[in-house]
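Each residue of the sequence shown is one higher than the one before, counting from 2 in the working numbering.
Note that CB positions come from ideal geometry on N, CA and C, so glycine has one too.
Bear in mind that the values here come from a model prediction, so they are computed numbers and not experimental data.
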Amino acid sequence: MRIFVLAAVSSLALAACGMQGQDNDQEGDPVANSDSGRDYGYETYGDDNLADTMASNDDRYRNEIGADAGGEQAQPSELPDAEERPIMQVQVVLDRVGFGPGVIDGKMGMSTENALRGFQEANDLETTGKLDEATKSALADWERIPATRVVTIPASWGEESYIDMPEDVAEKAKLERLGYASLDERLAERFHTTVEVLKQLNPNGQPATAADVKGPNPQPTPTPDIARPDGQEPSYFQAGQQIRVPNIGGDRIAPGSIEDGNWQRTLASLGVGTEQPEVDRIVVSKAGKTLKAYRGDELVALFTVSSGSSEFPLPIGEWDILGEAYNPPYSYDPEVLGEGEGETYTLAPGPNSPVGVVWIDLSKEHYGIHGTPDPETIGRAQSSGCVRLTNWDAARLAGMVSQSTQVIFEP
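The structure is reproduced here in structure tokens:
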């Protein structure tokens, strides 16, 4: 993973997106790592994988499968899901191999169809955007990876501060961090999904499980009559609870690969690993609402994006990448945003910042590529001129590009 930071953040111009960049702290106080004794600010999966304790482990599905006495394949020792989720299984596989389906929800939609087209193009298949037989065959190597897995929410998540995001910009400007509004929202971003999907996977706070299997849940979800300490809307989930989540992968963080501890905590909280392909060209299609990443002539990644509007159109042409800013603050200027004259504000960084967790600065003045606090709107809502992705896709892209990566915006 290539890390390069904007050398002179103070000189970064106000963008149409209203951004200025610098590094900043990740939400929450440091938590001792029980595996190695080193403080990473969160509990890690292990000494060889600095993702959090909810990280994926695909080897368990590949290695634990063997023939039982009856000649059938035995499944890994995990609570089986209550139902098959074929579309969600395809989504988690596409997400693993670099073709982002956007929000993982078990439904066919624009982002999943875009991801399928990208996978099909990369594998010399007919680009139908459908889960046809040829595509199923190409995905067969991943059929052992289940759609969901059961994890335990880290205890430290219960010690974090969560606060509802005010709508008023002046009120937002008073906050020290634009962090997650709830543990639920943080959990949804960690597994590239929505709170609603997590609730569906955990009816009554229990992991959806086959009827003939009783699964332990040491801390069932309380009903919303248990108020949060800050008086805000209570969370549906809580620390220490076992829950079922989309089985996203590709979240391994290699030891020593990230020098910026704050950025490492961000990657861990987003379920984004450090083993990303290096790319030398990215192409953003306004019509297709996609960002394609190439290594030579090989398509290695595709993400659905929002790009431009009638007032701030996508600047068609070729551009350079000047640098990246991780967890940047946000400069709100209503005049720059086309909202007329008004007071300007500097908003604190955080996943609920208008530019999300990362800003990739472009040679086109006032334009960049960045994340968003509203992942479900990607591809469906216009942006203020810039290219917008989900936070997890933006973080992943940041690990692929460098200042030698060519950026092409096409109609």
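Short of 7 Å in beta carbon distance, which residues of its chain neighbour residue i, apart from the five on each side in sequence? Order them along the chain.
i	result
T406	V280, D281, R282, I283 and I322
Q277	M2, R397, G400 and M401
A70	Caution is warranted here: a pLDDT of 38 is assigned to A70, below 50, making its placement in the model unreliable, and the coordinate value is therefore given only provisionally. Contacts found: none.
L132	V91 and L117
P412	K287, A288 and I317
V32	Summary for V32: the model assigns pLDDT 42, below 50, so the residue's position carries little reliability; its value from the coordinates is reported in the next sentence. For V32, where only same-chain residues beyond five positions count, the Cβ hits under 7 Å are G42, Y43, E44 and S157.
I227	Only weak support is given to the placement of I227: the predicted model assigns it a pLDDT of 46, under 50, and the value that follows is read from those uncertain coordinates. If we look at I227 and ignore the five residues flanking it on each side, its Cβ neighbours are P235.
Verify whether the separation of the beta carbon atoms of residue i and residue j is less than 8 Å.
i	j	result
L117	N353	no
S307	I379	yes
A399	E312	no
F304	D394	yes
V94	I146	yes
P155	T45	no
I244	V152	yes
N124	A141	no
A209	D82	yes
Please report the distance separating the alpha-carbon of residue i from that of residue j.
i	j	result
L390	T149	24 Å
V402	V285	14 Å
P1	E122	Limits of the chain in this structure are 2 at one end and 412 at the other, which puts residue 1 out of reach.
G357	G351	7 Å
G47	A174	38 Å
G343	E172	15 Å
P423	D165	This structure cannot settle anything about residue 423, because the visible part of the chain is limited to 2 through 412.
G421	R266	Shown here, the chain extends from 2 to 412; a query on residue 421 therefore has no answer.
Q201	L80	16 Å
G272	V246	12 Å
P102	T136	15 Å
I88	A52	26 Å
D169	T373	17 Å
G262	P329	15 Å
E127	D59	29 Å
K365	D375	25 Å
L315	T291	13 Å
Determine the DSSP secondary structure at residue i, reduced to helix, strand or coil.
i	result
W254	Rather than Trp, the amino acid found at residue 254 in this sequence is Ile. I254: coil per DSSP, three-state reduction.
N50	strand
F410	strand
S270	helix
A302	strand
A396	helix
D169	coil
R178	coil
P155	coil
T222	Any reading at T222 is ruled out, since the residue's pLDDT is 47, under 50, leaving its predicted position unreliable.
G369	strand
Within the same chain, show all residues whose beta-carbon is closer than 6 Å to that of residue i, passing over the 5 residues directly before and after it, in chain order.
i	result
P255	One point to set straight first is that residue 255 is Ala, not Pro, in the sequence displayed. These residues qualify, in order along the chain: T275.
E319	I409
G119	F100 and L303
L176	A349
Within its chain, find whatever has a CB closer than 8 Å to the CB of residue i; leave out the 5 residues flanking it on each side and keep chain order.
i	result
A189	T195, V196, V198 and L199
Y62	P77, R145, I146 and P147
Unbroken stretches of the beta strand (DSSP E), 3 residues or longer, contained in the stretch 277-361: Runs of the beta strand (DSSP E) inside the stretch 277-361: 282-286, 291-296, 299-305, 318-327, 331-333 and 346-348.
Suppose only complete runs of 4+ residues qualify. What are the alpha helix (DSSP H) ranges in the stretch 85-128, listed by chain order? Taking only runs of at least 4 residues, the alpha helix (DSSP H) segments lying wholly in the stretch 85-128 are 87-97 and 111-123.
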